[in-house]
Amino acid sequence: MQNQEPLGCSKDHQEIIDKLTKIARTDAEVLITGPSGVGKELFARFVHANSHRNPWPFIPVNCGTLTGELMENELFGHIAGAFTGARPSCDGLVCAAESGTLFLDEVDTLSITCQVKLLRFLQDKQYRRLGENRLRQANVRIIAATNTDLETAVEQNLFRKDLFFRLRVAPVQIPALHHRMEDLSLLIDNFTEKSASSYGLSKISFSDGALERMQNYSWPGNIRELENCVNFLTCLQLGRPVEANDLPLLNGVKTATETFDTNKSETSSFNSAKSNLITYFEQQYLTNALKRTNGNVSAAARLSEKDRRAFLELLHKHAINPAHYRNGAPASKDEFHQKKDIS
Ligand SMILES: Nc1ncnc2c1ncn2[C@@H]1O[C@H](COP(=O)(O)OP(=O)(O)OP(=O)(O)O)[C@@H](O)[C@H]1O
Ligand SMILES: [Mg+2]
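Structure, rendered in structure tokens:
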């Protein structure tokens, strides 16, 4: 992953690369948002690699692991004897990233207390190691990433507004793979090559049917899912082109066209053909309503003149994720998976 350049040929991809290349030349804080597996960390590494800081380290920090006292210890380090058991001194991640980039991943997972501490640090980049009075000056660039909608988190008082704006100097949204399927072939070619060479196995190929299935699939796990899929199939070494049925795709995520096949419907029973047609209609209707409302479930339910709860039930029935219709915006956490609240 370290040396991988983000690949893509879609307009969306090119716009992101152009934007990040310009931002990389500055020291501006970058906030990268997008659903899981779209390449947020890869793009953060791209910014670092294209900045004047590239001779120095890129240090990723998973904010979910920073809690309470531990946060200051992890970020700022401590001197020997700062607390029970703290015998040798420890530098901390801010010091490790000196002159380079500190990547705050999953920044939404910080507790409010930790957000306050982070904000204080970001204001002048000064910090103290635990147990030490001396104030140190850090020289680090901050890039943060999240797969949640931070704006909503701010509205719900789960994320501090001042920190949100401190981090969001240069906002960059990475769209779901589903929204930039022009990138698919390039990614498949690259992953088949990479997978074969890293496992020392033969490069796999795909039948037209398999490629079509991949084009029609919604890739809820985005590029990570695609990469895993290719790795898995490389390991299998089928000795023939991969067929659609070999693909380890999620069952519930069939496309409407797959569900309703006119040729098949002519040969199946009346009831089964009717049921297929209803499924096809429901999927088409729901996705169109979501497309028209930019993935907003409440608005889509209103437009359909359906109760919001009933509309959500239908989305679950067809495994349709509204986040995929939000112009690449990250899923608000996590309307789609709150099945328990619905029933
Ligand atoms: N444009 C791309 N070109 C090549 N590989 C990519 C691209 N985007 C993502 N990948 C690969 O997909 C995988 C997931 O990327 P990454 O970890 O950066 O995603 P993420 O958005 O940070 O996901 P999460 O939110 O789950 O942490 C990595 O192995 C990465 O190398
Ligand atoms: Mg990540």
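So the sequence shown is numbered by UniProt numbering: it starts at 1 and just counts up by one. In this text, a Cβ means the ideal position worked out from N, Cα and C, and glycines have one as well. In this text, all values refer to a predicted model and were calculated from it rather than measured experimentally.
| Closest Cα partner of Ile-204 within the set Ile-17, Ser-198, Glu-193 | Counting from 1 along the sequence shown, the entry for residue 204 is found at position 204. When only C-alpha atoms are compared, the closest one is Glu-193.
| Straight-line gap, Glu-313 to Phe-76 (C-alpha atoms, nearest Å) | Within the sequence shown, numbered from 1, the residue matching residue 313 stands at position 313. Within the sequence shown, numbered from 1, the residue matching residue 76 stands at position 76. The straight-line gap from Cα to Cα measures roughly 47 Å.
| query | By the 10 Å Cβ neighbour count, where 16 or more other Cβ atoms means buried, how is Gln-137 classified, buried or exposed? | reply | In the sequence shown, counting from the first residue as 1, residue 137 sits at position 137. With fewer than 16 Cβ atoms within 10 Å of its Cβ, Gln-137 is classed as exposed.
| query | Should Asn-321 be labelled buried (16 or more other beta-carbon atoms within 10 Å of its own) or exposed? | reply | Indexing the sequence shown from 1 puts residue 321 at position 321. Result: buried.
| Cβ-heavy atom distance between Asp-108 and ligand 2 below 8 Å? | Taking the sequence shown and counting its residues from 1, one reaches residue 108 at position 108. No.
| message | Can you tell me whether Asp-149 is helix, strand or coil according to DSSP? | response | The residue you call residue 149 lines up with position 149 of the sequence shown. Three-state result, Asp-149: coil.
| request: Grab me the residues of Leu-184's own chain with a C-beta within less than 8 Å of its C-beta, minus the 5 sequence neighbours each way, in chain order. | output: Working through the sequence shown from its first residue, we reach residue 184 at position 184. If we look at Leu-184 and ignore the five residues flanking it on each side, its Cβ neighbours are Leu-177, Met-214, Gln-215, Leu-226.
| field | Pro-60 in three-state terms, based on DSSP | value | Walking along the sequence shown from the start, residue 60 turns up at place 60. Pro-60 falls in the strand class under three-state DSSP.
| task | Verify the contact flag: Asp-183, CB atom, against every heavy atom of ligand 1, threshold strictly below 8 Å. | result | Locating residue 183 in the sequence shown gives position 183, counting from the first residue. Asp-183 Cβ: within cutoff of ligand 1.
| said: DSSP three-state label for Tyr-127, please. | reply: Here residue 127 refers to the residue found at position 127 when the sequence shown is read from its first residue. Reduced to three states, the DSSP call for Tyr-127 is strand.
| query | Which residue from Asn-296, Val-230, Ala-82 puts its Cα closest to that of Arg-326? | reply | The count along the sequence shown starts at 1 and reaches residue 326 at position 326. Arg-326 has its Cα closest to that of Asn-296, out of Asn-296, Val-230, Ala-82.
| Candidates Thr-113, Leu-236, Thr-67, of which the one nearest Leu-158 by Cα | Along the sequence shown, one-based indexing puts residue 158 at 158. Comparing Cα positions, the closest option is Thr-113.
| Closer than 8 Å: is that where the CB of Glu-282 sits relative to any heavy atom of ligand 1? | Position 282 of the sequence shown holds residue 282. No, the beta carbon of Glu-282 sits no closer than 8 Å to any heavy atom of ligand 1.
| said: Rounded to the nearest angstrom, what separates Gly-34 and Phe-270 at their Cα positions? | reply: Translated into positions along the sequence shown, residue 34 becomes position 34. Translated into positions along the sequence shown, residue 270 becomes position 270. Each residue's Cα considered, the two are about 44 Å apart.
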